[in-house]
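Engineer: Using the numbering used here, you'd call the opening residue of the sequence shown number 947 and step up by one each time. Ideal placement from N, C-alpha and C gives every residue a C-beta, glycine not left out. For clarity, every value in this text was computed on a predicted model and none was experimentally measured.
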Amino acid sequence: MNRRVEDVADIVQLTFDRVFDVQGRMFSFESGGRKEYGVSFSDGTVPRDGARYAVALVEESNWQKVIGWRDLSTPNVVLAETAWDVAHEQAWSLYWFGPFFIFGALLFLGIWAALAVLVLFLWGAVYFVRQARERNRLVDQALRDVPPAAPPGSGGDPPMSVRTVITGILSLYFRF
């Protein structure tokens, strides 16, 4: 299950030249002469004018499917949906729909079919949680790898943080 960030997200770096039409969690913005309307970050973040961000999109240029972002003036990455959120959704689906399928299989096909349906539900839940965890790990690392916004007139590469060095070394030996 070796995936690359290019397989799960498109990372875009941009400066929010102008943020307008802010309504609750939704906002519109202009960047580099291009306007996007009805954008929402899941935690309600609304960027300020002139802020530089790195944003992970599910599909190229589809601002309705933002899966993560980072204000380049900070090292913090925000993900739209955590693996715990996916686990909660899967548990809720199993709670609401599982009994119908399991008891239906038990009633019409027998105990082995009911057990097979239960195993299939549980396998699906675990699969989706693992996929979300892997996607989030890749997106988080890709957004952290984007260099911070440099102040005007400064040159050179920014120094690596201690966390990035330690995470890089540990990733050689452990899979997170």
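From residue 1009 to residue 982, what does the alpha carbon distance come to, in whole angstroms?
Structural biologist: Each residue's Cα considered, the two are about 7 Å apart.
Engineer: On a Cα-Cα basis, can you pick out the residue from 1029, 1007, 1005, 1000 that is closest to residue 1021?
Structural biologist: When each option's Cα is compared against that of residue 1021, the closest is 1000.
Engineer: Provide the residue span of the beta strand (DSSP E) that contains residue 1000, from first to last.
Structural biologist: That run of the beta strand (DSSP E) goes 998-1003.
Engineer: DSSP puts residue 958 in a beta bridge; with which residues?
Structural biologist: Bridge partners of residue 958: 1001.
Engineer: Tell me, please, whether the region 1028-1044 touches the region 1065-1076 by the rule of three or more beta-carbon pairs shorter than 8 Å.
Structural biologist: Yes: the two stretches touch, three or more of their Cβ pairs being nearer than 8 Å.
Engineer: What residue range is occupied by the uninterrupted alpha helix (DSSP H) comprising residue 984?
Structural biologist: Careful: residue 984 lies outside any alpha helix (DSSP H), inside the beta strand (DSSP E) at 980-986.
Engineer: Please report the distance separating the alpha-carbon of residue 961 from that of residue 993.
Structural biologist: Residue 961 and residue 993: Cα-Cα distance of roughly 10 Å.
Engineer: Can you tell which of 977, 1057, 1013 has its C-alpha closest to the C-alpha of residue 986?
Structural biologist: Ranking the options by Cα distance to residue 986, first place goes to 1013.
Engineer: With residue 1091 as the anchor, note down where its alpha helix (DSSP H) starts and where it stops.
Structural biologist: 1057-1091 is the extent of the alpha helix (DSSP H) around residue 1091.
Engineer: Just mark residue 1089 as buried or exposed, buried being the case when its beta carbon has 16 or more other beta carbons within 10 Å.
Structural biologist: By the neighbour-count rule (16 or more Cβ atoms within 10 Å), residue 1089 is buried.
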